[in-house]
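Position 27, counted from 1, in the sequence shown is what the UniProt record's numbering calls 27; the numbers after and before it change by one each time, with no gaps.
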Amino acid sequence: MGYLTGRSRAYGYAPCGERAVSYEPAGKGTRFTLVGALSVDGFLGGLEVTGSVNGEVFDAFVEQIVVPHLCPGKIVVLDNVPFHHRESIQDLIEAQGATVKFLPPYSPAFTPIEACRSKLNAWLRKCAVRTGSTRQDAITEAIQHVTSSEAKGWFRQAGYLFNGNE
1 MGYLTGRSRA YGYAPCGERA VSYEPAGKGT RFTLVGALSV DGFLGGLEVT
51 GSVNGEVFDA FVEQIVVPHL CPGKIVVLDN VPFHHRESIQ DLIEAQGATV
101 KFLPPYSPAF TPIEACRSKL NAWLRKCAVR TGSTRQDAIT EAIQHVTSSE
151 AKGWFRQAGY LFNGNE
């Protein structure tokens, strides 16, 4: 999930007859990317980087965030970003007894984390994050607002079937 620190809400509210006023930075701000993992239990964890993600960053994310949550029989669904297809990533996941599956090209409807990203982005715009500590606090708070019932709903909406114990 990429976001700019200069983003804010698109709409505002004011008493009837008064103009809504908001003070925003002149530039777009700094670009950050939050790489996240979502399960039916909720948001597993994330890794924030300045700029964009590459293969080395994603390797670290999988090793530090995803692998500790894996066990035999779990399935990790990845989209088709080229660095998701790295052999090192598949090896890390399969070493835990889990399986890697790739989505068909151009299929955001089958990606439950897209709905999660939408919720996180809305929260960050609402908080109008601008600085490092404020941004970290807002990200932590946004992630804490992702409930397991929402996550299960996003998986169901994307067409995934699972038993109630997962």
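Ideal Cβ placement from N, Cα and C applies to all residues, glycine included.
Bear in mind the structure is a predicted one, so any value in this text is a computation, not a measurement.
Query                                                                                                          : Result
Every unbroken alpha helix (DSSP H) within the segment 40 to 73, with a cutoff of 4 residues, ordered by chain : 55 to 61
According to DSSP, residues forming a beta bridge with I75                                                     : T99
Between the CA atoms of N121 and T33 - distance to the nearest angstrom                                        : 11 Å
Euclidean distance between Cα positions of V35 and A20                                                         : 34 Å
Sub-7 Å separation of F83 and G42 beta-carbons                                                                 : no
Residue from Q157, K119, W154 and Y160 whose Cα sits closest to the Cα of Q144                                 : K119
Separation of G12 from residue 175, as counted between CA atoms                                                : This structure cannot speak to residue 175, because the chain is shown only from 1 to 166.
Close beta carbons around G17, own chain, < 8 Å, minus the five adjacent residues each side                    : none
Cutoff 8 Å; reference K74; Cβ partners in own chain excluding five residues on either side                     : Q96, G97, A98 and T99
Boundaries of the alpha helix (DSSP H) in which P112 is found, first to last residue                           : P112 to C127
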